[in-house]
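Input: a single structure, listed below in structure tokens.
Numbering (the working numbering), first residue to last: 2 to 134.
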């Protein structure tokens, strides 16, 4: 869910295509898009699926993908893949990690939008409310 939310923010204010995938879904399509021009943002606290996520990072690295890893100190110490950048967040209980990990994702969307010259305060075609039918 956090990767999908981050992708949504990038689309809403930066107007660039982005997709969020669960670690187990990489080989079901997204891997075909990876090359040396493809940045991949990996959200990977050191949790029960961390080793699977590292395996996916190895697949991305083998195809030349540029990896930006967002993790905690234990994850940074155990990630065996070369990254373009590693952002180390505080070690927090798993229950609150989505709150902490949302911040750099939102900042990425914000600064990407600023870099691209879009108005982050007035996104185009964005509804102020969503109607559920």
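Glycine residues also receive a C-beta, built at the ideal position from the N, C-alpha and C atoms. Bear in mind that the values here come from a model prediction, so they are computed numbers and not experimental data.
Distances from the alpha-carbon of residue 38 to those of 79, 75 and 65 put 65 closest. The Cβ neighbour count for residue 129, taken over all protein chains shown within 10 Å, is under 16; the residue is labelled exposed.
Taking all protein chains shown into account, residue 29 has fewer than 16 neighbouring C-beta atoms within 10 Å of its C-beta and is therefore exposed. A Cβ-Cβ contact shorter than 8 Å links residue 27 with residue 57.
The Cβ-Cβ distance between residue 45 and residue 7 does not fall below 8 Å.
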